[in-house]
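**Q** For the sequence shown, counting from 1, position 71 maps to 71 in the UniProt record's numbering; every step adds exactly one.
Glycine is no exception: its CB is placed at the ideal position from the N, C-alpha and C atoms.
Predicted model only: the values in this text are computed from it and were never measured.
Input: one structure, supplied below.
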Amino acid sequence: MPEDNVARQAPAPAHPGTTRWLDEEQQRVWRDWLKASATVDRVLDANLRAQGLGLGEYEVLIHLSEAPDRSLRMGALAKLVRASRSRMTHTVARLENLGMVERRPASHDRRGVMTHLTDAGHARLVEVAPLHVRAVRRVFIDAIDPADLSAVGRALRAVLGAVGH
């Protein structure tokens with residue numbers, strides 16, 4: 001079989017040492033997922049950047065707004081937004097410079113650092129959230145036939161379950 005057609009090989013039997021290649025439909029769905037995921041992220045990020053925030057910064061503000069006392073440990077926040085600790089430090093520093101968050105020592109563990117959503121950060125989130133929700137509806141929720149939305153949700157939960165999330 002030509003090397004350039006390796007992704008289109010028929011699925012092999014499932015036994016050790018054998019690769020189960022994607023069939024044509026599976027390959028199409030996989031590539032559509034990659035393209036759609038990247039495109040949705042890019043569109044939502046651009047929409048928020050027009051408001052002075054990036055998608056990662058918005059996610060930080062959202063998670064803090066939902067946390068008790070609007071505060072989370074830096075490590076927990078990094079995990080929630082799927083960012084490295086160094087990326088989270090950079091993002092929180094930018095938001096701190098904008099007056100939207102502040103870092104505080106953890107009251108129960110002085111080695112830990114808590115990130116706290118300020119009143120100004122909460123007000124900014126309240127201002128930007130409706131614009132973001134409209135964009136999410138436009139590029140994701142309303143783009144999916146209502147009859148398919150539950151199936152998409154089940155499929156995404158299955159994917160997350162397969163990787164332990």
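Between A38, T18, Q26, L22, which has its C-alpha nearest F140's C-alpha?
**A** Along the sequence shown, one-based indexing puts residue 140 at 140. Ranking A38, T18, Q26, L22 by Cα distance to F140 puts A38 first.
**Q** In three-state DSSP terms, what is T118?
**A** Stepping through the sequence shown from its first residue, residue 118 is reached at position 118. Coil.
**Q** For V60, which three-state DSSP category applies?
**A** Counting from 1 along the sequence shown, the entry for residue 60 is found at position 60. Three-state result, V60: helix.
**Q** In terms of DSSP beta bridges, what is residue 230 paired with?
**A** Outside the displayed span of the chain (1 to 165) sits residue 230, for which this structure offers no information.
**Q** Using 8 Å as the cut-off, can you tell me whether the stretch 19-31 makes contact with the stretch 54-68, which would need three or more C-beta pairs spanning the two stretches below that distance?
**A** No: fewer than three Cβ pairs fall under 8 Å.
**Q** Hey, which unbroken runs of the alpha helix (DSSP H) at 4 residues or more fall wholly within the stretch 24-52?
**A** Here the runs fully enclosed are 24-49.
**Q** Over what stretch of residues does the beta strand (DSSP E) that includes R103 continue unbroken?
**A** One-based indexing of the sequence shown puts residue 103 at position 103. Where R103 is concerned, the enclosing beta strand (DSSP E) stretches over 101-105.
**Q** Need the endpoints of the alpha helix (DSSP H) that T91 sits in, please.
**A** By 1-based counting over the sequence shown, the position of residue 91 is 91. Residues 85-97.
**Q** Under 8 Å between the Cβ atoms of T118 and L77?
**A** To locate residue 118, count along the sequence shown from 1; it is residue 118. To locate residue 77, count along the sequence shown from 1; it is residue 77. Their beta carbons are not under 8 Å apart, which means T118 does not touch L77 by this criterion.
**Q** Could you check the C-alpha separation between residue 167 and G54 for me, to the nearest Å?
**A** Outside the displayed span of the chain (1 to 165) sits residue 167, for which this structure offers no information.
**Q** Alpha carbons only, please: which of R70, K79, W33, A158 is nearest the one belonging to A123?
**A** Locating residue 123 in the sequence shown gives position 123, where the first residue counts as 1. The shortest C-alpha separation from A123 is found at R70.
**Q** Could you check the C-alpha separation between G112 and D148 for me, to the nearest Å?
**A** The residue labelled residue 112 in the question sits at position 112 within the sequence shown. The residue labelled residue 148 in the question sits at position 148 within the sequence shown. Between G112 and D148, the C-alpha separation is close to 44 Å.
**Q** Based on Cα-Cα distance, which residue from L72, G164, V29, G161 lies nearest to V101?
**A** Along the sequence shown, read from residue 1 onward, the residue named residue 101 stands at position 101. Checking every option, the nearest Cα to that of V101 belongs to L72.
**Q** Report the rounded CA-to-CA distance for Y58 versus V159, giving the unit in angstroms.
**A** Against the sequence shown, residue 58 aligns to sequence position 58. Against the sequence shown, residue 159 aligns to sequence position 159. Approximately 24 Å, taken between the alpha carbons.
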